[in-house]
Amino acid sequence: MVYRWHQNYFYILYISGHFYISEFVFFTEEERRVRANDREYNEKFQYASNCIMTSKYNIITFLPVNLFEQFQEVANTYFLFLLILQLIPQISSLSWFTTIVPLVLVLSITAVKDATDDYVSLTHTHSKEKWMNVRVGDIIKLENNQFVAADLLLLSSSEPHGLCYIETAELDGETNMKVRQSLSVTSELGDPNNLAQFDGEVVCEPPNNKLDRFCGTLYWKDCKYLLSNQNMLLRGCVLRNTESCYGLVIFAGPDTKLMQNSGRTKFKRTSIDRLMNTLVLWIFGFLVCMGVILAIGNAVWEKEVGALFQSFLPWDPPVDNFLFSAFLSFWSYVIILNTVVPISLYVSVEVIRLGHSYFINWDRRMFCSRSNTAAEARTTTLNEELGQVEYIFSDKTGTLTQNIMTFNKCSINGHAYGEKHDSFQVQPLDFSAWNPLADRHFCFYDQSLLEAVMAGEPAVHEFFRVLSLCHTVMSEEKSEGELVYKAQSPDEGALVTAARNFGFVFRSRTPGTVTTQELGKAVTYMLLAILDFNNIRKRMSVIVRNPEGRIRLYCKGADTVLFERLHSCNHELMNITSDHLNEYAGDGLRTLAVAYRDLPEEQWEAWAERFRGADKATDCRDDRLAAAYEEIEQDMMLLGATAIEDKLQEGVPETIAILSLANIKIWVLTGDKQETAVNIGYSCKMLTDNMTEIFIVNGHTVQSIREELSLLPRQHFSFSFFSLYL
Ligand SMILES: Nc1ncnc2c1ncn2[C@@H]1O[C@H](COP(=O)(O)OP(=O)(O)OP(=O)(O)O)[C@@H](O)[C@H]1O
Ligand SMILES: [Mg+2]
Numbered sequence: 150m151v152y153r154w155h156q157n158y159f160y161i162l163y164i165s166g167h168f169y170i171s172e173f174v175f176f177t178e179e180e181r182r183v184r185a186n187d188r189e190y191n192e193k194f195q196y197a198s199n200c201i202m203t204s205k206y207n208i209i210t211f212l213p214v215n216l217f218e219q220f221q222e223v224a225n226t227y228f229l230f231l232l233i234l235q236l237i238p239q240i241s242s243l244s245w246f247t248t249i250v251p252l253v254l255v256l257s258i259t260a261v262k263d264a265t266d267d268y269v270s271l272t273h274t275h276s277k278e279k280w281m282n283v284r285v286g287d288i289i290k291l292e293n294n295q296f297v298a299a300d301l302l303l304l305s306s307s308e309p310h311g312l313c314y315i316e317t318a319e320l321d322g323e324t325n326m327k328v329r330q331s332l333s334v335t336s337e338l339g340d341p342n343n344l345a346q347f348d349g350e351v352v353c354e355p356p357n358n359k360l361d362r363f364c365g366t367l368y369w370k371d372c373k374y375l376l377s378n379q380n381m382l383l384r385g386c387v388l389r390n391t392e393s394c395y396g397l398v399i400f401a402g403p404d405t406k407l408m409q410n411s412g413r414t415k416f417k418r419t420s421i422d423r424l425m426n427t428l429v430l431w432i433f434g435f436l437v438c439m440g441v442i443l444a445i446g447n448a449v450w451e452k453e454v455g456a457l458f459q460s461f462l463p464w465d466p467p468v469d470n471f472l473f474s475a476f477l478s479f480w481s482y483v484i485i486l487n488t489v490v491p492i493s494l495y496v497s498v499e500v501i502r503l504g505h506s507y508f509i510n511w512d513r514r515m516f517c518s519r520s521n522t523a524a525e526a527r528t529t530t531l532n533e534e535l536g537q538v539e540y541i542f543s544d545k546t547g548t549l550t551q552n553i554m555t556f557n558k559c560s561i562n563g564h565a566y567g568e569k570h571d572s573f574q575v576q577p578l579d580f581s582a583w584n585p586l587a588d589r590h591f592c593f594y595d596q597s598l599l600e601a602v603m604a605g606e607p608a609v610h611e612f613f614r615v616l617s618l619c620h621t622v623m624s625e626e627k628s629e630g631e632l633v634y635k636a637q638s639p640d641e642g643a644l645v646t647a648a649r650n651f652g653f654v655f656r657s658r659t660p661g662t663v664t665t666q667e668l669g670k671a672v673t674y675m676l677l678a679i680l681d682f683n684n685i686r687k688r689m690s691v692i693v694r695n696p697e698g699r700i701r702l703y704c705k706g707a708d709t710v711l712f713e714r715l716h717s718c719n720h721e722l723m724n725i726t727s728d729h730l731n732e733y734a735g736d737g738l739r740t741l742a743v744a745y746r747d748l749p750e751e752q753w754e755a756w757a758e759r760f761r762g763a764d765k766a767t768d769c770r771d772d773r774l775a776a777a778y779e780e781i782e783q784d785m786m787l788l789g790a791t792a793i794e795d796k797l798q799e800g801v802p803e804t805i806a807i808l809s810l811a812n813i814k815i816w817v818l819t820g821d822k823q824e825t826a827v828n829i830g831y832s833c834k835m836l837t838d839n840m841t842e843i844f845i846v847n848g849h850t851v852q853s854i855r856e857e858l859s860l861l862p863r864q865h866f867s868f869s870f871f872s873l874y875l
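The opening position of the sequence shown corresponds to residue 150 in this note's numbering, with each subsequent residue numbered one higher.
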C-alpha cells in the first residue's frame, strides 16, 4: 500500500509478522534554510508541514489494514479456510452459517475494539487542529500555559531581556522550569508589526533527535548571529510564567525533535497472543491427525466392505475410487471436528482484556485524590503488557525524588554548620528580624552560622557571595523587597535562597551585571563571563569585577572535579572538607563544592581574548570553549561545600520493594556523587542490607566499563548496582 502524504511517500511493508511504515523522502536534507515570513521561498524546499498522524488507521484504510491484521491470527485464517471448504458441496458436512456467524462475530468485535483503541490515542495526541496549518518559516505567537506546536526559534517575549520560561515534562520528564532567551537583536522587535517585516534567514542543522543541542546561524541585515539550544522552544514544551512570546518555525510536524524521537507505530502482539497462536496450531495438528486416522478408516472400509455394496451404495458422481473417497472424507472430518479449535478462546480473551482495563480504570488505589485523576488504561492489552515488564529504567531527580531542594548543611573553611545538635533547638532561625529581604519559607536550625555571618568572618562572607553570584537564576521583584527567584535548576534555587537569608541577597541581573544586596548594602558586580554548567564539566563559574575593580572567578561544582583544580596550598582544607562531604553524602544529601580564584588584570585580558575567539568559532565551538574554560579554572582556593536535601516522593520505597519482589530489575540514572547515589539507593530500598556484594563499576570510557563488566560473574547482573561515570 502506498500513501502519498505531503511530498513524502509512505510505504506500509509487511515483513515476517510485523508492519513497518517506512518513509521515503526524495531528498536528504543536509542543512535547513528558513526565511522568516517568506512562504514562497520556503516552499521550494518542500519541508514537512505540521500535520502529524499518530493513529494507525484512517477511514479508508481501516477495513483493509484491520482485516489484514486480524487474519494474522491463526484461528481467523483457519475459519476462513473452513468457510471455503464448506462451499465445496462434496465435502460440506455442515451448513455454511455454522462457521460464518462466529467468524463475522469475532472479526467485528475485534475491529470495534481496535477502532476505539486507535480513536482514543488519536484524540489524546491531536487536540489542536489549528496547528496543522503552521508552516516552516511562519512566525507564531504563543501564550502562557500553551503547548509549543513546532520547534521554534524564540524571537521575542513579553518578559525583559527576551527571556521566557518553559516546562519540558513531555520531552524529558523533568518538571522544573527552564529558561530560554532570544537574541538581543530580535528581542527588540517586540511588536507584531515589526515582526511581520522580519526577514532574517536561518541556516541550521537538518532535523535530528538531539533534544539538548541545536546549532545554526541567523543572517539578518548583513550580520551573522550564532544560535544555540538556548534560543529554541521545542514542540511538546509548555510556556510558563511568560505572558506571550513570538517564535519562528524551524521544524514542523514529523521533523520536530519530539517526533524524531518517537518510534513509528508498529503492529503489536502480546505474548498471550503468541501463546494462543501456538496452542491453536497444536490443536489444529491434532485435528489433522484425527482426520487422517478417520480417512484411513474410510479407505479401508470402502476397499474391504463398501466395494461389495457398490450397486446399492454407489459413490457420488466425481468419485470413482476408494482413495479419492478417503481424501474427500478427510476434509469432511476437518469440518465436522472443527469445534475442537476454540475460536471462542479469542473472544473470551478479548472480553477478559476489556474487563481488566476497566478494573485498572476503577482501581481506587490508583486514584490520585490531589489531582482528582484516576488511572486510565488507554489500550485493552495494557494489563498483559505490564505483566511482561522485566526492567524499569528511571530517572532519579524528580521521578524518585520530589525535586524540591532544601539547603540543609554546609561546610565553610573547615567548619561544619547545620547539624541539629540538640532537641532544644527545634524552632527554625528567624531571619526576618535583621534581614527584611529574607525568604520566610527558608528553614535553617544552626544559630552558629548566623553568628559567623554577623561576626564578619571573611570566609563565610565569601562563601555566601559565591552562592549569590555564581548561578543562572533569574529574579523578579514584583514590589519592593518581594523577590521571586526563577531557577532553571532547583539546586541553584536552594543555594541562592540560602545566601539570600544569610544576608547576601541576589536582586537582579542584566546581561552584563549582577546586583546583590550584601548585608544591607547594594553592590553591583560587572559580569565578565559565565562559564556555564554542563554534565561533562560538572561545574560552573562566573568571572566578575567588583566595584573596587578586582576580578575574581567564582566556581561551584562536583567535588571530584573541583578538588583536582585547587591550588596546592589547599591540601589540608581539602581533607577536612572531603570528610564533611562524605558525611553529607552518607546522609543521602546532594553536595557541591565552592571555590574562587583571583585574576590579575593582564591574565584576564589574555584569557578573554582567547575566550572570544573560541566563542565566535563556527567549527568545534564546544570543544574550543571547553578548552578555554579548563585553562582558567585552575589554581582555585577552596571555600567550602554545600549539602542539599531532595526528599523521596511518597511511597517510593514501598513501590520499589514490591517491584523487586516481582523480580523486576530497576535501573536508576543519576548524576549525583557516588556515595549520595548509593545512600539514596538504600533509602528507597533499591539496595538492601542483604545484598552483600555491591559492584561499583567505575569507568570513564566505554572500553574501561566493558572490561570491568566482563570481570563480573554473570549471575550478579540482576542484583548489582552500577554507577557509570561516562
Ligand atoms: N548548577 C550547577 N552548578 C554546578 N555544578 C552542578 C550544577 N548542577 C549539577 N552540578 C554538578 O554536576 C554533577 C552532575 O550533574 P547533572 O545535572 O548532570 O546530574 P543529573 O543527571 O541531573 O543528576 P540528577 O538527576 O541526580 O540530578 C552533579 O553531581 C553536581 O555535582
Ligand atoms: Mg541535575
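Where is the CB? At the ideal position from N, CA and C, for every residue including glycine. Note that the coordinates shown come from a computational prediction; the quantities given were computed from them, not determined experimentally.
Just curious, the beta strand (DSSP E) that residue i is in, first and last residue?
i: Arg694; result: Arg688 to Arg694
i: Tyr368; result: Gly365 to Trp369
i: Ser331; result: Counting along the chain, Ser331 falls outside any beta strand (DSSP E), and DSSP gives it neither H nor E.
i: Gly735; result: Premise fails: Gly735 lies in the alpha helix (DSSP H), His720 to Gly735, not in any beta strand (DSSP E).
i: Glu667; result: Thr662 to Glu667
i: Met408; result: Here Met408 belongs to no beta strand (DSSP E); instead the alpha helix (DSSP H) covers Lys406 to Asn410.
i: Glu539; result: Glu539 -> no beta strand (DSSP E), and no H or E assigned at all.
i: Leu304; result: Asp300 to Ser306
i: Leu376; result: Cys372 to Leu376
With DSSP run on the structure shown, which of helix, strand or coil describes residue i?
i: Gln346; result: helix
i: His610; result: helix
i: Ile485; result: helix
i: Tyr196; result: coil
i: Gln752; result: helix
i: His275; result: Only weak support exists for where His275 lies, its pLDDT of 47 falling under 50; the value from the coordinates is given anyway. In this structure, His275 counts as coil in the three-state DSSP scheme.
i: Arg389; result: strand
i: Leu860; result: helix
i: Ser171; result: Note that Ser171 scores a pLDDT of 40, beneath 50, so its modelled location is shaky and nothing firm can be said.
i: Arg418; result: coil
i: Ala582; result: coil
i: Phe433; result: helix
i: Phe651; result: coil
i: Ile237; result: coil
i: Arg182; result: strand
i: Arg656; result: strand
i: Glu316; result: strand
i: Tyr206; result: coil
i: Gly322; result: coil
i: His620; result: coil
Who does residue i pair with in a DSSP beta bridge?
i: Val743; result: Lys705 and Gly789
i: Met794; result: In the sequence as displayed, the identity of residue 794 is Glu instead of Met. Note: Glu794 sits in a beta bridge opposite Thr555.
i: Asp595; result: DSSP lists no partner for Asp595.
i: Cys131; result: Nothing in the structure corresponds to residue 131, since the chain is present only between 150 and 875.
i: Gly440; result: DSSP output for Gly440 lists no bridge partner at all.
i: Met675; result: Thr662 and Arg694
Which word fits residue i, buried or exposed, when buried means at least 16 other C-beta atoms lie within 10 angstroms of its C-beta?
i: Ile208; result: exposed
i: Arg761; result: exposed
i: Glu337; result: exposed
i: Ala604; result: exposed
i: Ser497; result: exposed
i: Leu254; result: exposed
i: Leu216; result: exposed
i: Thr659; result: exposed
i: Ser276; result: In this predicted model, Ser276 has a pLDDT of only 48, less than 50, meaning its place in the structure is not dependable; the value taken from the coordinates is given anyway. Answer is exposed; the Cβ neighbour count stays below 16.
i: Glu629; result: exposed
i: Val693; result: buried
i: Gly402; result: buried
Hey, residue i and residue j are a contact pair by Cβ (cut 8 Å); roughly how many whole angstroms apart?
i: Thr248; j: Gln239; result: 17 Å between Cβ atoms; not a contact.
i: Gly365; j: Val351; result: 6 Å
From what residue to what residue does the alpha helix (DSSP H) around residue i run?
i: Glu842; result: Counting along the chain, Glu842 falls outside any alpha helix (DSSP H), and DSSP gives it neither H nor E.
i: His505; result: Ile492 to Trp511
i: Ser809; result: Val801 to Leu810
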